[in-house]
Each structure stands twice: as C-alpha cells, then as structure tokens.
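End of the sequence shown = 415 in numbering that gives the first Met the number 0, gap-free, step of one. Here the structure is laid out as structure tokens; the discussion comes afterwards.
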Amino acid sequence: MIENAAGPVRPKGPGFPEFVSLIAMMMALNALAIDVMLPALPAIGTALGVVTENSRQWVITAYLLGFGVAQIIYGPLADRYGRKPILMIGLSLYILFSVIAAFAPTFEALIMARVGSGIGAAALRVLAVSIVRDRYSGRTMARVMSLSFLVFLGVPILAPTVGQLILTVAPWPWIFGVLATAGTAFMIWAVIRLPETLHREDRLPIRLDRIAAAFREALTNRRSMGYTLAMTAISGTLFGFINSSQQIFFDVFEQPGLFTTFFGLMAGGVAIASLLNARLVERLGTRLISHTALLGFIAMGAVHSIVTLTGHETLWTFAILQGLTMFCFGLIAGNFGSMAMEAMGHIAGTASSAQGFISTTAGSTLGFLIGQQFNGSVAPLAIGVTACGILALAAVLYAEQGQLFRARNPVQPRSV
C-alpha cells in the first residue's frame with residue numbers, strides 16, 4: 000500500500016483476487032496449449048502421416064522450444080516499454096499461430112506453427128512473473144505465485160477432457176480454434192482490467208551493455224542461478240510425463256478411455272499441493288516447504304523406478320506413485336521460482352527472461368529426451384524423475400551453499 004500526505008492510497012487496478020486470477024489465466028493459456036491436445040495426438044499423427052509414434056511428441060516439444068527461446072527477448076523489451084504493450088504483442092502471436100496451426104496442411108507446417116505459438120506464449124510467462132514481482136516480493140510473492148499456480152494447474156486437470164470433448168464433436172483442427180478463442184478472451188480482459196505495473200521512472204533503456212550486465216547479474220547470482228537450474232531439472236520431469244502420458248495409457252496399460260480421468264487426478268495432486276503451499280508458505284517459509292518436497296520427489300521417483308523395474312507396475316501403482324510425485328512438484332515449483340527472483344526485483348523483466356529461457360528450453364529438452372526413451376514401459380519416466388530430482392538437489396545445495404532448510408529474513412511485500 001502506498002502512502003501520501005492524505006493517508007494510504009489503494010493501488011490502481013484489480014484487487015488481490017482478480018489480480019491473482021489475471022496472472023493465473025496468463026499462465027493457464029500456456030498449459031492449455033500443451034495439455035488440451037494430448038488426446039488428439041493419434042488423430043493428428045494419422046491425418047498428417049506421422050509414422051513413428053514417438054515423433055508425435057514434437058507437437059509438444061516444438062511449442063516448448065519456441066516458448067523457451069523467445070523468453071530471452073521479452074524481458075528487456077518489457078523493462079523498456081512496460082509490461083502491457085509487450086503482453087499484447089505476445090497474445091497476438093499466440094492467437095495468430097493457433098489459427099495457422101488449425102489450417103496446417105502438413106506435419107512440418109504444424110510444427111512451425113507450434114513454434115510460433117510458443118514464441119507468443121513466452122511473453123505470458125515472462126510478464127506473469129515480472130508483473131507479480133512489480134507488486135509483491137518475498138513470501139507474499141510466493142503466495143501469489145502459488146495461488147496463481149493453483150488456477151493454472153486446474154487447466155491440466157480439465158484440458159485433456161476438453162480436448163476429448165472437442166474431438167467428439169469436431170475434427171482435431173478445432174483444438175487450435177479453442178486456443179485462439181481463449182487467447183482472444185483473455186486479451187480483452189487484460190486490455191480492460193490489467194494496469195501497467197512498471198512505473199515510467201523504472202523503465203530501462205535498451206542498451207547492449209545494460210542488458211548484458213543485467214543478464215550477467217541474473218546468471219551469476221548464486222541463488223538466482225541455483226534455483227533456476229533446480230527448476231530446469233524438475234521441469235524436465237513434468238515435460239517428460241506430458242510427452243509420455245498418452246502413450247503410457249494407450250500402449251502400456253491399454254486403457255485409452257481412462258487417460259483423461261487419470262491424467263486429471265494426477266494433475267489434481269499438483270493443484271492440491273499448490274493450494275496447501277499458498278496457505279503455509281508465509282508461516283513456514285519457501286525453503287522448508289520446497290526442500291522437504293524435493294527430498295520426497297526423489298524418494299517417490301526411486302520407489303517408482305524399483306516398482307517398474309521389478310515388474311510390479313500396474314495402472315494403480317503408476318497413478319499413485321506418479322500422483323505423489325506431482326504433489327511434491329506442486330510444493331516445489333512456485334517456491335523455486337520465487338526464490339530465484341528474490342534478489343532480482345530491480346531487473347525483474349530481464350531476470351525472468353534469463354531464468355525462463357534456461358528452465359524452459361533446457362527443461363523441455365530434458366523432457367523430450369525422457370519421452371523419446373519410451374519403450375513400451377514406464378521405466379524411462381520413473382528413472383528420469385529420479386535422475387532429474389538428484390540434479391535439482393545438487394543445484395539447490397549450490398544455491399544454499401550446502402545447507403538445506405536454512406531460513407532467511409522475509410522481504411516485506413510491496414504494492415504499486
């Protein structure tokens with residue numbers, strides 16, 4: 000809350016609930032672009048002549064690569080021109096390439112359109128973090144991100160079902176029509192209700208030396224880089240799961256009819272964890288919660304690896320163990336992102352770009368590598384979760400100089 004001679008002044012723009020909803024929907028458009036089409040991958044492959052099943056994973060990975068690489072551009076632009084104009088550009092690209100994807104005549108054209116959609120969506124990721132950091136910091140920022148993450152994760156729960164419902168009444172190109180419609184609806188909402196959160200006096204000129212210095216600071220700050228690398232490893236497991244999930248249910252368990260239900264239940268574990276985190280983080284702190292969850296994440300991956308390698312995997316063991324893994328993920332993601340940004344408030348846009356570029360590009364590559372190892376069993380995914388969890392732990396130990404659970408003095412929240 001800002002104060003002047005007349006007393007406290009309420010920040011311009013939406014109140015806390017609507018602000019959280021705007022940020023959540025900004026993030027949800029990205030999740031929707033990934034998960035709504037999972038049930039459509041076989042139909043897309045058949046229609047566009049994709050022979051190898053694993054090759055269909057490019058529909059997901061191409062989007063993620065465009066999404067990751069473009070983040071490096073949006074941060075400096077947002078720090079110079081403000082958050083809202085850059086958001087509108089990103090949304091326009093997201094909508095345009097979703098329409099192009101709907102009319103793609105070949106698989107190669109579809110993949111290029113997916114890269115374009117990802118480039119547009121990259122603005123949403125960078126600006127979601129930057130806008131929250133403009134208004135809040137410390138544990139309150141973690142709470143906002145966790146609440147946003149909760150709504151954001153409602154999309155993966157429902158998106159495959161929505162995709163399946165679309166396929167029952169229309170051909171697969173309408174999947175992309177839904178994405179274009181959702182992007183347009185959010186653009187109208189943001190134009191009307193989302194204020195510019197970056198003050199003019201805080202805008203930074205686009206100078207190569209300044210941008211280089213800002214990126215250097217973001218990439219050399221121990222906590223920023225450590226938690227970015229940890230988030231990269233954890234994201235790799237999420238993308239590996241998304242890439243493999245349709246094939247696991249269709250080919251391993253031969254239960255295509257249960258795919259959307261079980262996928263939603265497992266994604267629901269992340270949503271429950273995010274809600275729990277939002278309620279506890281201001282009391283317990285980001286480190287206690289996320290470090291504990293990371294150890295649980297590794298333990299679940301190890302147990303799952305043993306179960307599948309010893310031939311005891313069933314649909315229910317997969318659902319339970321993967322669901323618990325995703326629950327741990329929900330306690331990790333928002334907190335790691337918040338801690339990576341703790342010292343980056345003065346270069347929030349650029350720092351968010353650098354962190355997002357690394358975590359999404361490298362994370363999607365890790366996820367693609369995990370997905371490409373699919374061999375008719377769950378073992379590659381379970382082993383990938385364990386390995387990536389251990390890599391994330393090493394990155395956290397680097398960020399915290401070898402000590403887990405170390406409390407830090409919370410930074411007081413601020414509003415614009």
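Virtual Cβ for every residue (Gly too), placed ideally from N, Cα, C. Since the structure is predicted, the reported quantities are computational estimates derived from the model, not experimental observations.
Status (buried if at least 16 other CB within 10 Å, exposed otherwise) for residue i
| i | result |
| --- | --- |
| I205 | exposed |
| P425 | The requested residue 425 does not occur in the structure, where the chain is confined to residues 0 to 415. |
| H290 | buried |
| Y73 | buried |
| S54 | exposed |
| V128 | buried |
| H303 | buried |
| G14 | exposed |
| W315 | exposed |
| E341 | buried |
| P16 | exposed |
| L197 | buried |
| V405 | Looking at the sequence provided, one finds Arg at residue 405 rather than Val. Burial call: exposed. |
| I305 | exposed |
| R82 | buried |
| G401 | exposed |
| R222 | buried |
| D34 | buried |
| S351 | buried |
| R132 | buried |
| V177 | buried |
| G310 | exposed |
| P170 | exposed |
| L31 | buried |
| D201 | exposed |
| R199 | exposed |
| T180 | exposed |
| A266 | buried |
Cutoff 8 Å: residue i Cβ touching any chain B Cβ
| i | result |
| --- | --- |
| L86 | No chain B appears in the structure shown, which is made up of a single protein chain. |
For residue j and residue i, believed in contact at Cβ under 8 Å, the rounded distance
| i | j | result |
| --- | --- | --- |
| V19 | L218 | About 30 Å separates the two Cβ atoms, so there is no contact after all. |
| L28 | L123 | 6 Å |
| G362 | N242 | Rounded, the Cβ-Cβ distance is 12 Å, inconsistent with contact. |
| G268 | G322 | 4 Å |
| I22 | F356 | Not quite, the Cβ-Cβ distance comes to about 20 Å (not below 8 Å), so this is no contact. |
| V58 | R134 | V58 to R134, Cβ: 35 Å. No contact. |
| G162 | P38 | 5 Å |
| G375 | I297 | Actually they are not in contact, since the Cβ atoms of G375 and I297 sit about 25 Å apart, beyond 8 Å. |
| A100 | L109 | 6 Å |
Proximity test, residue i beta-carbon vs the ligand NAP heavy atom, cut-off 7 Å
| i | result |
| --- | --- |
| E216 | For the ligand NAP, the structure offers nothing, since it holds no ligand at all. |
Residue from the options whose Cα sits closest to the Cα of residue i
| i | options | result |
| --- | --- | --- |
| L90 | R142, P172, A381, V190 | V190 |
| L264 | G375, L157, P255 | L157 |
| D208 | P75, P104, D34 | P75 |
| R278 | V143, M343, A120, E253 | V143 |
| M87 | W188, L178, R134, G44 | W188 |
| L126 | A69, E253, G162, L164 | A69 |
| G366 | S352, V384, A353, S351 | V384 |
| S273 | G117, T260, I288, P41 | I288 |
| L368 | G48, D201, Q56 | Q56 |
| L228 | A398, D34, Q402, I43 | A398 |
| L47 | A103, L95, F252, D34 | A103 |
| T139 | I331, V280, R222 | V280 |
| R286 | T324, I271, A339 | A339 |
| L166 | G284, V98, T307, L40 | L40 |
| M36 | W173, V49, M24 | W173 |
| D250 | F373, F106, T259, Q354 | F373 |
| F335 | A212, H345, V395 | V395 |
| T349 | L293, C327, L64, F214 | F214 |
| V377 | I130, T160, S244, M25 | S244 |
Check: Considering only residues of the stretch 74-141, which uninterrupted beta strand (DSSP E) runs meet the minimum length of 3 residues and lie entirely inside it, listed in chain order?
Finding: The stretch 74-141 is shown to contain no whole beta strand (DSSP E) run of 3 or more residues.
Checklist line | Inside the stretch 184-270 only - alpha helix (DSSP H) runs reaching at least 4 residues | finding: Counting only runs of 4 or more, we get 207-219, 221-246.
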